[in-house]
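Asker: The structure under discussion is supplied below as structure tokens; questions concerning it will follow.
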Amino acid sequence: MSFSLEGAGVVITGGGGGIGAALARRFAAQGARIVLADLDAAAVEAVAGEVGGVAIAGDAAGVDGVAALISRATEELGAIDLYCANAGIAPHGGPESPEEVWARAWDVNVMAHVRAAHRLLPGWLERGRGRFLATVSAAGLLTSLGSAPYSVTKHGALAFAEWLSATYRHRGVTVQAVCPQGVKTNMLAATGTGGQLIMGASAIEPSQVADSVIEGFADDRFLILPHPEVAEYYATRATQTDRWLGGMNKLQRKVEQALAE
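Position 211 of the sequence shown, counted from 1, bears residue number 320 in my numbering, the numbering being contiguous throughout.
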């Protein structure tokens with residue numbers, strides 16, 4: 110591995126369950142020192158206790174919340190070698206969704222990454238190394254039927270990760286985006302019939318996402334794809350856009366029919 114987790118200081122947001130907890134378990138098994146953040150105090154404390162990490166309950170998206178998290182994590186770890194911007198929300202709806210829903214999705218799914226990078230970059234650039242892992246999801250490469258706020262903001266998260274990589278990779282900052290399709294988490298369960306129809310059959314365990322991240326650390330690849338078929342879909346979207354949109358609309362009609370029955 111080009112990046113060793115042994116003794117590394119790691120921060121994981123959304124660490125109380127799902128992908129965040131799976132990353133914590135896998136990283137801890139390889140010797141990482143971990144700080145976990147989550148709004149659910151009981152959940153994040155349980156995972157931290159399991160992996161011998163530090164739990165920080167509270168907001169990890171707002172300006173003050175991100176600043177407090179990174180300050181506390183630096184005190185605990187000495188230095189942050191890897192920051193996993195994993196927390197995310199997927200509110201259902203489209204343009205009719207209230208302004209506050211769109212604002213919150215933008216805050217959690219995009220601006221939390223921007224605010225963390227703003228705090229982390231000075232130290233990383235001075236040291237000449239640092240790693241930023243963004244949990245983007247395949248929605249950031251493709252789209253997410255049923256949730257316009259999620260799809261749009263995950264595209265934003267991918268764009269920001271790309272910009273970070275293009276701007277700072279020659280100065281020792283490694284940026285990676287993990288982009289799974291369906292993962293068996295509470296977020297997938299909350300999508301109901303539509304989400305299960307679209308992603309249920311191919312949904313994987315959070316531990317499989319963690320396995321893919323470890324593989325991605327071995328060669329520093331930017332895109333980490335726990336569902337390899339996403340690469341083909343992404344290529345089709347880019348080179349045969351109308352065909353891809355037609356296929357997605359066909360899937361949308363299938364979902365609407367299922368929900369109407």
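All C-beta atoms, glycine included, are put in the ideal place defined by N, C-alpha and C. Model, not experiment: these values are computed from the prediction.
May I ask you to report which of helix, strand or coil DSSP gives residue 349?
Answerer: In the sequence shown, the residue the question calls residue 349 occupies position 240. It is coil, neither helix nor strand.
Asker: Among residues of its own chain, excluding the 5 on either side of residue 247, which ones have a beta-carbon nearer than 7 angstroms to its beta-carbon?
Answerer: Working through the sequence shown from its first residue, we reach residue 247 at position 138. Only 288, 289, 290, 336 and 339 meet the Cβ criterion.
Asker: Alpha carbons only, please: which of 203, 124, 312 and 194 is nearest the one belonging to residue 162?
Answerer: By 1-based counting over the sequence shown, the position of residue 162 is 53. When only C-alpha atoms are compared, the closest one is 124.
Asker: Have a look at residue 360 and residue 253 and give me their C-alpha separation to the nearest angstrom.
Answerer: Against the sequence shown, residue 360 aligns to sequence position 251. Against the sequence shown, residue 253 aligns to sequence position 144. Distance between the alpha carbons of residue 360 and residue 253: 11 angstroms.
Asker: Determine, using beta-carbon pairs with one atom in the segment 269-284 and one in the segment 216-228, whether at least three such pairs fall under 8 angstroms.
Answerer: Segments in contact, yes.
Asker: For residue 180 and residue 362, what's the separation of their Cα atoms in angstroms?
Answerer: What you label residue 180 is simply residue 71 of the sequence shown in a count that begins at 1. What you label residue 362 is simply residue 253 of the sequence shown in a count that begins at 1. If you take the alpha carbons of residue 180 and residue 362, they lie about 48 angstroms apart.
Asker: Below 7 angstroms CB to CB, which residues in the same chain sit around residue 314 once its five sequence neighbours on both sides are set aside?
Answerer: As a first step, residue 314 is located in the sequence shown; it is residue number 205 there, counting from the start. If we look at residue 314 and ignore the five residues flanking it on each side, its Cβ neighbours are 293.
Asker: Go ahead and pull the three-state DSSP assignment for residue 165.
Answerer: Taking the sequence shown and counting its residues from 1, the one referred to as residue 165 is at position 56. It is a strand residue.
Asker: Terminal residues of the continuous alpha helix (DSSP H) containing residue 320?
Answerer: Locating residue 320 in the sequence shown gives position 211, where the first residue counts as 1. From DSSP, the alpha helix (DSSP H) with residue 320 extends over 315-328.
Asker: Taking DSSP as the reference, what is the three-state secondary structure of residue 286?
Answerer: Position 177 of the sequence shown, counting from 1, holds the residue named residue 286. Here residue 286 sits in strand by DSSP.
Asker: List the endpoints of the continuous alpha helix (DSSP H) containing residue 136.
Answerer: The residue labelled residue 136 in the question sits at position 27 within the sequence shown. Element bounds for residue 136: 127-138.
Asker: Ignore the nearest five residues each way along the sequence and tell me which others in residue 238's own chain have a CB closer than 6 angstroms to its CB.
Answerer: One-based indexing of the sequence shown puts residue 238 at position 129. The residues are 281.
Asker: Under 8 angstroms Cβ to Cβ from residue 230, same chain only, skipping five residues before and after it: list those, please.
Answerer: Here the question's residue 230 lines up with position 121 in the sequence shown. The residues are 239, 277 and 282.
Asker: Who are the near neighbours of residue 262 in its chain, counting only those whose CB is closer than 6 angstroms to its CB and skipping five residues on each side?
Answerer: Residue 262 sits at position 153 when you count from the first residue of the sequence shown. These residues qualify, in order along the chain: 214, 215, 218 and 219.
Asker: Quick check: residue 148 and residue 133, are their CB atoms within less than 9 angstroms of each other?
Answerer: Counted from its first residue, the sequence shown places residue 148 at position 39. Counted from its first residue, the sequence shown places residue 133 at position 24. No. Outside cutoff.
Asker: Starting from the C-beta of residue 126, find all residues in its chain whose C-beta is less than 6 angstroms away, skip the five residues before and the five after it, and write them out in chain order.
Answerer: Residue mapping note: residue 126 aligns to position 17 of the sequence shown, counting from 1. Contacts found: 152.
Asker: Below 8 angstroms on the Cβ atoms is my guess for residue 194 versus residue 243; work out the distance and round it to an integer in Å.
Answerer: Here residue 194 corresponds to residue number 85 of the sequence shown, with the count starting at 1. Here residue 243 corresponds to residue number 134 of the sequence shown, with the count starting at 1. Confirmed, Cβ separation roughly 5 angstroms.
Asker: Going by other Cβ atoms of all chains shown within 10 Å of its Cβ, with 16 needed for buried, is residue 368 buried or exposed?
Answerer: Within the sequence shown, numbered from 1, the residue matching residue 368 stands at position 259. So residue 368 ends up on the exposed side.
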